[in-house]
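Engineer:
Numbering (the numbering used here), first residue to last: 1 to 621.
(1) Give the secondary structure of residue 102 by DSSP, where H, G and I count as helix, E and B as strand, and everything else as coil.
(2) Could I get the ranges of all uninterrupted alpha helix (DSSP H) runs contained in the segment 516 to 582, with 4 residues as the minimum, in chain order?
(3) Look up residue 326 in the DSSP assignment and say whether it is helix, strand or coil.
(4) My parser needs the beta strand (DSSP E) runs of 3 or more residues fully inside the segment 232 to 282; what are they?
(5) Am I right that residue 391 and residue 216 are in contact with their C-beta atoms under 8 Å? What's the rounded C-beta distance?
(6) Could you give the distance in angstroms between the alpha-carbon of residue 512 and the alpha-carbon of residue 121?
(7) Specify whether the segment 414 to 431 and the segment 364 to 381 touch according to this definition: at least 3 beta carbon pairs, one from each stretch, less than 8 Å apart.
(8) For a test of the three-state rule: what should DSSP assign to residue 207, helix, strand or coil?
(9) Closer than 7 Å by C-beta to residue 559: which residues in its own chain qualify, once you throw out the five before and the five after it? Chain order, please.
(10) For residue 619, collect the residues of the same chain with a Cβ closer than 8 Å to its Cβ; drop the 5 residues on either side in sequence, then sort them by chain order.
(11) Determine, using beta-carbon pairs with one atom in the segment 201 to 210 and one in the segment 91 to 106, whether at least three such pairs fall under 8 Å.
(12) How is residue 214 classed by DSSP in three states: helix, strand or coil?
(13) My output table needs one value for residue 470: the three-state DSSP class, helix, strand or coil.
(14) Compute the Euclidean distance between the alpha carbons of residue 13 and residue 372, then round it to the nearest angstrom.
(15) Going by CA-CA distance only, name the one from 422, 361, 443 that's closest to residue 625.
(16) In chain order, which continuous runs of the alpha helix (DSSP H) of length 4 or greater are located wholly inside the segment 390 to 417?
(17) Could you tell me the distance, in whole angstroms, from the CA atom of residue 214 to the CA atom of residue 138?
(18) Applying the 10 Å Cβ sphere with the 16-neighbour rule, what's the burial state of residue 222?
(19) Let me know if residue 410 comes out buried or exposed under the rule of 16 or more other beta-carbons within 10 Å of its beta-carbon.
(20) Buried or exposed: residue 250, going by 16 or more other Cβ atoms within 10 Å of its Cβ?
(21) Answer yes or no: do residue 187 and residue 575 have a C-beta to C-beta separation smaller than 8 Å?
(22) Look at the alpha carbon of residue 41 and the alpha carbon of residue 111, and state the distance between them as a whole number of angstroms.
(23) Below 8 Å on the Cβ atoms is my guess for residue 232 versus residue 283; work out the distance and round it to an integer in Å.
(24) When you compare each of 266, 292, 234, 228 to residue 247 by their alpha carbons, which one comes out closest?
(25) Smallest Cα separation from residue 154: which of 166, 172, 141?
(26) For residue 53, which three-state DSSP category applies?
(27) Report the rounded CA-to-CA distance for residue 599 versus residue 423, giving the unit in angstroms.
(28) Does DSSP classify residue 138 as helix, strand or coil?
(29) Determine, using beta carbons only, whether residue 167 and residue 190 come nearer to each other than 8 Å.
(30) Can you list, in chain order, the residues of its chain whose CB lies under 7 Å from that of residue 196, leaving out five sequence neighbours each side?
(31) Using only the alpha-carbon positions, how far apart do residue 519 and residue 465 sit?
Have a look at this one:
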């Protein structure tokens with residue numbers, strides 16, 4: 001449950017429903033030791049699998065992967081790093097061993113990190129031996145970070161190589177000139193993580209979590225790795241489907257000088273070449289596809305690509321993938337409806353917040369990362385609203401491959417200071433929004449962007465229209481939901497912008513009608529609450545809002561709620577809905593799964609049946 005509207009309504013149930021405290025459940029709680037002997041306050045099925053030797057070992061960037069030829073071409077730096085909190089004034093600890101240790105890439109507040117404590121400022125340090133092959137034949141070495149919250153300054157052997165601000169975007173640096181000729185190389189990362197103490201993107205993180213706000217996730221929280229590249233190499237490679245759905249526009253960004261560099265791209269379907277393009281690197285290329293095969297939730301077909309960047313004798317070879325699909329709002333039966341590949345569709349979604357009791361923002365393993373997406377599909381949904389968080393690249397890889405459409409939220413600014421935002425705060429938010437859109441531009445599963453949720457961090461009603469226009473200019477190929485929850489909460493008022501009119505209604509569902517310019521969805525509803533003893537976050541109470549007495553009541557409530565969408569929403573021309581939510585999160589116990597992912601609270605077959613019936617009804621012209 002995310003709605004302030006829901007929080008206000010919660011009091012209505014307080015006199016009749018008793019909140020159940022964690023203390024009464026502690027004896028039954030599932031726990032597990034983590035790698036350093038600490039006990040996880042609430043363990044997932046994957047908690048005990050994590051160790052310093054296998055901390056998220058998968059290649060982190062599937063859409064720009066450098067394939068292994070004669071030897072591995074990348075080196076994971078996930079694992080144990082030296083660690084120390086700092087006072088924000090101290091100099092980086094060059095040449096000094098730090099007393100503490102942290103398991104990267106788990107945020108320092110998580111039990112999997114081994115630290116399990118917040119610090120506004122901190123240092124990470126690691127000594128690394130660079131393989132000789134990484135610097136052979138004039139190659140350069142890049143140091144890559146999936147994400148660090150919030151601001152990071154990176155040093156190699158005492159030389160600053162990168163400075164980045166923004167806790168949800170990736171960054172990296174060419175560290176070749178800072179490397180010693182031989183021997184261990186010292187990497188130091190200084191991090192500043194004020195969380196909600198300042199006006200930066202924090203999503204639902206709080207230094208004092210409670211209710212609908214959760215534990216902070218600071219420091220390095222996505223994978224870190226090294227890889228050798230030519231002096232001129234590919235930094236990003238995106239494939240945008242043509243409106244005709246028979247070609248891709250290929251765009252590339254380069255590291256190093258792109259003068260006289262060329263790019264050659266070959267597309268493959270089931271291992272067979274079906275198209276190729278060649279031209280100047282850094283310029284758009286048109287890649288026609290023979291016998292196009294479209295991507296959809298029913299058939300999530302993906303093309304694979306091999307791309308070669310050539311400059312003189314230098315060659316940078318990468319692999320990638322993407323699907324052919326279109327998303328738009330069109331007139332269907334005289335009303336504005338969302339259409340996928342030109343056909344009306346009902347985007348039946350869950351709210352997915354991406355929190356874990358053992359890793360907070362970071363899933364313990366890649367199998368865990370896949371789990372929530374797979375179960376969403378198994379339950380018969382076809383869409384996910386990724387709520388106020390940006391995920392690692394591998395999360396989108398699984399959404400692409402499993403066939404779930406994604407509404408991508410922007411992480412919100414702190415929710416209680418809309419009238420205290422400076423011009424610099426607003427400019428920083430706009431810049432972060434652009435960076436996220438550009439980073440995720442090549443993700444097939446993302447069909448729409450949501451800049452604001454319920455007015456959180458929204459400094460004015462026109463701001464939603466402003467950000468909607470900014471996003472549309474950057475990415476005209478997707479939908480924009482200018483504000484999810486236009487009918488609530490602290491900043492009521494429809495911005496009359498974007499492609500979607502979106503209401504929130506707990507328990508709902510809300511039944512908005514499309515208007516002259518936009519399709520209509522219920523962006524949040526449901527929130528039926530059932531706490532399962534032994535599977536709740538410590539020291540929290542079960543929020544009684546929307547409480548049901550047992551599993552049978554939850555099943556009946558979910559089916560009845562969704563049947564309203566099928567029987568009343570679809571006839572009104574609605575194009576989608578978002579049920580709160582796929583899993584419990586800390587103080588919220590309204591998931592279809594418990595927070596530890598060990599208990600499925602609903603009957604999967606019954607949920608899937610009503611979901612599929614609703615999607616079928618919504619696919620009719």
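By construction, the Cβ of each residue, glycine as well, lies at the ideal position given by its N, Cα and C atoms.
Model, not experiment: these values are computed from the prediction.
Structural biologist: The structure says:
(1) Three-state result, residue 102: strand.
(2) With a minimum length of 4 residues, the continuous alpha helix (DSSP H) runs that stay inside the segment 516 to 582 are 551 to 564.
(3) coil
(4) Entirely contained in the segment 232 to 282, the beta strand (DSSP E) runs reaching 3 residues are, in chain order, 233 to 241, 247 to 255, 262 to 269, 272 to 280.
(5) Their Cβ separation, rounded to whole angstroms, is 17 Å, which puts residue 391 and residue 216 out of contact at 8 Å.
(6) 46 Å
(7) no
(8) Here residue 207 carries a coil assignment [DSSP, helix/strand/coil].
(9) Around residue 559, the same chain offers 606, 610 as residues with beta carbons nearer than 7 Å, after the five sequence neighbours per side are excluded.
(10) 343, 344, 345, 346
(11) no
(12) Here DSSP, grouped into helix, strand and coil, assigns residue 214 to strand.
(13) helix
(14) Any reading at residue 13 must be qualified, since the residue scores a pLDDT of 29, below 50, and its modelled position is unreliable; the value itself is stated next. Near 30 Å, if we compare the C-alpha coordinates of residue 372 and residue 13.
(15) What the structure shows of the chain is the stretch from 1 to 621, and residue 625 is not part of that stretch, so it cannot be assessed.
(16) 393 to 402
(17) 47 Å
(18) buried
(19) buried
(20) buried
(21) When the beta-carbon positions are compared, residue 187 and residue 575 stay at least 8 Å from each other.
(22) 8 Å
(23) No, residue 232 and residue 283 are not in contact; Cβ-Cβ is about 14 Å, not under 8 Å.
(24) 292
(25) 172
(26) Three-state result, residue 53: coil.
(27) 46 Å
(28) helix
(29) no
(30) Exclusion of the five residues before and after residue 196 leaves 202, 205, 206, 207, 414 as the residues of its chain whose Cβ lies within less than 7 Å of its Cβ.
(31) The alpha-carbon atoms of residue 519 and residue 465 are separated by roughly 16 Å.
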